[in-house]
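Enquirer: Add 2 to a position in the sequence shown, counting from 1, and you land on the number used in the working numbering. Note that beta-carbon positions come from the ideal geometry of N, C-alpha and C, so glycine has one too. One structure coming up, written as structure tokens, with questions to follow.
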Amino acid sequence: MSLPYVYSLIFFIAFAIYFMMGIYTISLNAKRMLNRLYFVACIALAVWAFCFSIANSAQDAEIALFWRRLASIGWGTVYSILLNFYLIVTERKALLKKKWLYVLLYLPALVNVLAFGLSDAAKGQYTLVQTPVGWVNVSANSWGDWYFNLYYVLYTTVGLLLLWNWGKRTTDRVKKKQAYLFMSSYIIAMILGTMTDMIVNTYTSYTIPQLAPVIVLLPTTAIFYAIQRYGLMGQEKSDRVEPGKILSEVNMNRFIKIMSFVCILGGMLNFASQYFFNQKLPHLNTILLFSCFLFAVGAVLILIKSLPIHEGIKEYSFVLIMLMSILLISVNFIETASITVWAAPFIVIMLSVLFNKRLMIFWIGISILVMQVYIWVRIPKSLVQVDGSDYLTRIGILCITLWLAYFVNRVYIKRLEENEEQIRFQKMVSRFSGNFVKVTESDLDEKIDDLLELSGKYFHVDRTYFIHLSEGQKIHEWCSEGIESTADRIPELRGESFPWWMNEMLKTNVVNVTNGDMLPSEACAEKEMFHAHHLKSLVSITVTNKGKILGMLFFASVKEAKIWGRTHQELLRILSNILSDALVKVEAEKEISHMAYYDALTGFPNHTLFKKQLEQTLQHANETGKRVGVLFIDLDSFKTVNDTIGHLGGDEMLKQVTHRLSGCLRPQDMVSRFGGDEFLIQLAERERVEDILAITDTIMKTISQPVIVKDQEFFITASAGIALYPTDGESTEELIRNADLAMYASKERGKNQFTLCSSAMKEEVLQKTQLTNSLYRALDRNEFVLYYQPQVNVQTQEIVGLEALVRWNNPELGLISPATFIPLAEKTGLIIPIGQWVLETACRQNKLWQEMGLPPVRMAVNLSMVQFQDRNLYRIVNRTLRETGLESKYLELEVTESTAADGEDAIIQVLHRLKELGVTLSIDDFGSGYSSLSRLKTLPVDRIKIDMQFVRGILQGNEDEAIAKTIIQLAKNLKLSVIAEGVESKSQFDFFNQYDCDEIQGYYFFKPMPTAEIEAILVSRSQ
């Protein structure tokens, strides 16, 4: 094969691809404009490619010019069509409504066709040169060339801009992918096409065929890929086969479409084999004529597929056309004894297998045999030379046969599957029974819909309904393909609305209407309903339980009047019983579920349902990237309400508060009573943190509105904490825990406010948890040590006392300050054993120093409020003194001002009992709390310690000096000793010396020291 024919074959292959893609796309949906435009574009490209195929290998310049001019119908219009296509794809609806747009789109295309194809002056636009690769047009840079180049560049650029803008503004990922796919393929095609068709032949010394019709395969194939991959222009419909048939209506149409493709491919195969491989002159007109005949057969088959005729007539017409075509093909090649195409009749024989009509197979067989006998008689002998065209035809026939074999195989396999499905369908009742045994509230609707669909298809009805009457009127509907849904038009079923139908239902439980037009005269309302819903026939049954009507089941026919036999009615009764049992079971489960998931007092979700719903919300938020807020709300001082109006009144208030909270929320949010006077709120899928804070503020204001219970008006407040997903946790438990943590922060800050959880809060809780865990084992591990800070007489500057200060030497965290772990110890109750250890250790150490011959000093030990609440405090102190042998006068117990002044009377009694032991008592941090002078005069204390915050302000020109003077004077008047705590400078010491303070304690003399260091000091001072 020469090089011109090779290029012509390439153009022809491009033509075949364009043509098949266009036919396939229009067959998907011929009514859609997008499909039509793509089809027209493919046909234009096919014309362009085919004409170039003939022109490139033409025998002379005149023939080449004719086909070149004819090609202008394709290349002159395709860019306008593609631009129109892209305008629709990119959703430029407003622009597409402008009539002037179509003039702008297609007027230049019309000029192209006239100027380069149809007009007499068109010859002057071409300069054809015969080259080793075929006839090539060399541009002369005439006005026509400049006009087309401008048209081509402008329309292509506009198309690219449309695609780029579409891809940029759309948020649909699929559309974005399509936009960039079309744009990239279009750009590549534009660059390559410009190189081959404009630049090379015009501005270089090289001459190559214009390959644009081949290159444009890139964008058109990209569009075709989008059809297959993304369903750009719709997909084929599917259908179930009717009983007694091998091919369903849809499969029959699909089969005819495939055979039309086969005929078109046959025409292409004939042309390719005869023109490119046979190459015997003259042959072009004959080849084109026979190929056009095959194309016409394909077109007639597509027409038959589209005509609204009876399926039987369609089948016979299809087989007859195919048989006549095969016979004519055999006659066409009779001169060569049909040496190659003799096998073509097997295609029709294979087709006849798909039709369940034996007579059709008989006549097809007779016709084919007669034709073969005729060829035998006409050409008893023939010596034929087989060439490339024959081999190509054989390969084509073999491929078509294999293709049909594959299709027939698929049809039979599908038919077998449908037969098996029908057998399985006979077990439908058993299947439904099994399904509804496990039915739950969550899947009841799904299983009812499944029942309606399967039973509707089984009986070949058009509509099935189930109307559930337990809660209002809930309608389930299934419609067969092509039947309009009427669920929204079904009226409320009441006896007074349809008296005849209700009367019949009460009599027999089943109402069977074979023909709606035959309803009795008293059934006027029923007739109107039949006409409104276009019903021909209807059968219905009530679904009851213990005399109560739960719902109604309907089977309806729309297309034709249908006779409902005993099988239908029997199955209806079975389905009714299945539905009745399922509805009763679900109703019972709903009651149990309500008890399990809803708060008995308020009727709102409880914490179990809240956690379950929150988990689903978090999963959805993880997909959408939105925030979720969890609010933990606690009513402030709610115990006072219960004490005032009783628990029943408190319950009524909780109900009102719950309804108020619910009124502030959206449907996707949720409020739950967590327990007591605590509530949890879920704020689902909020865009910003500010939105969550705003709704929380609204909730707090709503709670603060007065509540009227038992004709009394109450004003309540609440403290709330907020945790955010995913910032404050990714699990339900973590979010609720952190919201609770933030709520307690609101309580600590004064109540009646909300607090957003922070990383500092969580870190503090984590540290407290770790410290608390370690604190439980600290005593057993001997991690506590005592430091001692001397108390010095101001006048003599002698050490007269020591304050025992506990320190925690944690092996991991080091030395931990009492300010950190003492509050934790008080909260956990560990302060009791820790305090006892401090008391015993301090007393034992003091006694040991006395036994060493050191001057006796007073040992001060701090007691917390928690220790005073321990009933064994007196016995612990008494036993400690007894066991250590320390005289009580050398033990001083320090209590905080708040404990002494604000404590209960029982604490005062304990202080008096301790005083009776002979120990001294002092008030620590005096002046830092809310001092009660009336309480102070009744306390059996010996000494008060001025809080260090007043000591620090000495000589700084503020009120601290006045307060310190007042405290000293007060103590003197009450005959109490005074000790100043936290003295760190000489000026402070001089101040307290000047105003007759008895003792000082602070870094000016000594810092807190371990046992060994303080012992050395005591020893040195005693010498």
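Among 832, 888, 162, which has the Cα closest to the Cα of residue 81?
Expert: With distances taken between Cα atoms, residue 81 lies closest to 162.
Enquirer: How long is the line joining the alpha carbons of residue 856 and residue 966, rounded to whole angstroms?
Expert: Residue 856 and residue 966: Cα-Cα distance of roughly 33 Å.
Enquirer: Please classify residue 1024: is it buried, with 16 or more other beta-carbons within 10 angstroms of its beta-carbon, or exposed?
Expert: Flag for residue 1024 reads exposed.
Enquirer: Verify whether the separation of the beta carbon atoms of residue 922 and residue 945 is less than 9 Å.
Expert: Cβ atoms of residue 922 and residue 945: closer than 9 Å.
Enquirer: Looking at residue 545 and residue 514, is the spacing between their C-beta atoms short of 9 Å?
Expert: Not a contact, by the Cβ cut-off of 9 Å.
Enquirer: Mapping the DSSP letters down to three states, classify residue 605 as helix, strand or coil.
Expert: Looking at residue 605 - three-state DSSP - the assignment turns out to be coil, as it is neither helix nor strand.
Enquirer: Residue ranges of each beta strand (DSSP E) run of no fewer than 3 residues wholly in the region 894-969, ordered along the chain?
Expert: If we require 3 residues or more, the beta strand (DSSP E) runs fully inside the region 894-969 come out as 922-928, 945-948.
Enquirer: How is residue 500 classed by DSSP in three states: helix, strand or coil?
Expert: Coil.
Enquirer: What's the gap between the Cα of residue 876 and the Cα of residue 819?
Expert: Taking the straight line from one Cα to the other gives about 28 Å.
Enquirer: Any idea what DSSP makes of residue 481, helix, strand or coil?
Expert: Here residue 481 sits in strand by DSSP.
Enquirer: Three-state secondary structure (DSSP) at residue 239?
Expert: Here the model assigns residue 239 a pLDDT of 47, short of 50, so the residue's position is not dependable and the matter cannot be decided.
Enquirer: Does the count of Cβ pairs from the region 705-718 and the region 651-658 closer than 8 Å reach three?
Expert: Touching, yes, given that three or more Cβ pairs across the two stretches are closer than 8 Å.
Enquirer: Measuring straight from C-alpha to C-alpha, what distance separates residue 795 and residue 833?
Expert: The straight-line gap from Cα to Cα measures roughly 31 Å.
Enquirer: Keeping to the same chain, check which residues put their C-beta closer than 7 Å to that of residue 1005; ignore five residues upstream and five downstream.
Expert: Within the same chain, residue 1005 has close Cβ partners 986.
Enquirer: Could you tell me the alpha carbon to alpha carbon distance between residue 504 and residue 572, rounded to whole angstroms?
Expert: C-alpha separation (whole angstroms): 20 Å.
Enquirer: In three-state terms, what does DSSP make of residue 717?
Expert: Three-state DSSP puts residue 717 in coil, outside helix and strand.
Enquirer: Report the start-end ranges of each alpha helix (DSSP H) in the region 645-717 that is 4 residues or longer and not cut off at the edges.
Expert: With a minimum length of 4 residues, the continuous alpha helix (DSSP H) runs that stay inside the region 645-717 are 691-705.
Enquirer: Mark residue 790 as exposed unless 16 or more other C-beta atoms lie within 10 angstroms of its C-beta, in which case mark it buried.
Expert: Buried: at least 16 other Cβ atoms inside 10 Å.
Enquirer: Determine whether the beta carbon atoms of residue 670 and residue 696 lie at a separation below 9 Å.
Expert: Their beta carbons are not under 9 Å apart, which means residue 670 does not touch residue 696 by this criterion.
Enquirer: Just the C-alpha distance for residue 698 and residue 608, rounded to the nearest angstrom, thanks.
Expert: Each residue's alpha carbon lies about 20 Å from the other.
Enquirer: If you draw a straight line from the alpha carbon of residue 736 to that of residue 747, how long is it in whole angstroms?
Expert: Whole-angstrom Cα-Cα distance: 17 Å.
Enquirer: Which two residues bound the contiguous beta strand (DSSP E) that contains residue 865?
Expert: Residues 860-865.
Enquirer: Taking DSSP as the reference, what is the three-state secondary structure of residue 167?
Expert: If DSSP states are grouped into helix, strand and coil, residue 167 belongs with the helices.
Enquirer: Measure the Cβ-Cβ separation of residue 136 and residue 211 and say whether it is below 9 Å.
Expert: Their beta carbons are under 9 Å apart, which means residue 136 touches residue 211 by this criterion.
Enquirer: So, at 7 Å on beta carbons, what are the nonlocal neighbours of residue 58 in its own chain, with the 5 sequence-adjacent residues on each side left out?
Expert: So the list reads 6, 9, 10, 13, 136, 137, 211, once near-sequence residues are dropped.
Enquirer: Looking only at C-alpha atoms, which of 849, 33, 865, 866 sits nearest to residue 859?
Expert: The residue with the shortest Cα to Cα distance from residue 859 is 849.
Enquirer: Mind checking residue 411: buried by the 16 CB within 10 Å criterion, or exposed?
Expert: Flag for residue 411 reads exposed.
Enquirer: Kindly indicate the opening and closing residues of the alpha helix (DSSP H) around residue 437.
Expert: Here the alpha helix (DSSP H) through residue 437 covers 430-439.
Enquirer: Roughly how many angstroms separate the alpha carbons of residue 312 and residue 551, rounded to a whole number?
Expert: Those two C-alpha atoms are separated by around 45 Å.
Enquirer: Just how far apart, CA to CA, sit residue 623 and residue 741?
Expert: About 18 Å.
Enquirer: How is residue 982 classed by DSSP in three states: helix, strand or coil?
Expert: The answer is strand: DSSP assigns residue 982 an E or B state.
Enquirer: Taking the continuous alpha helix (DSSP H) assigned at residue 729, which residues delimit it?
Expert: Careful: residue 729 lies outside any alpha helix (DSSP H) and carries neither H nor E.
Enquirer: Using three-state DSSP, classify residue 855 as helix, strand or coil.
Expert: In this structure, residue 855 counts as coil in the three-state DSSP scheme.
Enquirer: Between the C-alpha atoms of residue 693 and residue 948, what's the straight-line distance to the nearest angstrom?
Expert: If I take the Cα positions, the gap works out to 50 Å.
Enquirer: Check whether the region 867-883 touches the region 910-926, taking contact to mean three or more Cβ pairs, one atom from each stretch, closer than 8 Å.
Expert: A contact exists between the region 867-883 and the region 910-926.
Enquirer: Looking at the structure shown, is residue 509 part of a helix, part of a strand, or coil, going by DSSP?
Expert: In this structure, residue 509 counts as helix in the three-state DSSP scheme.
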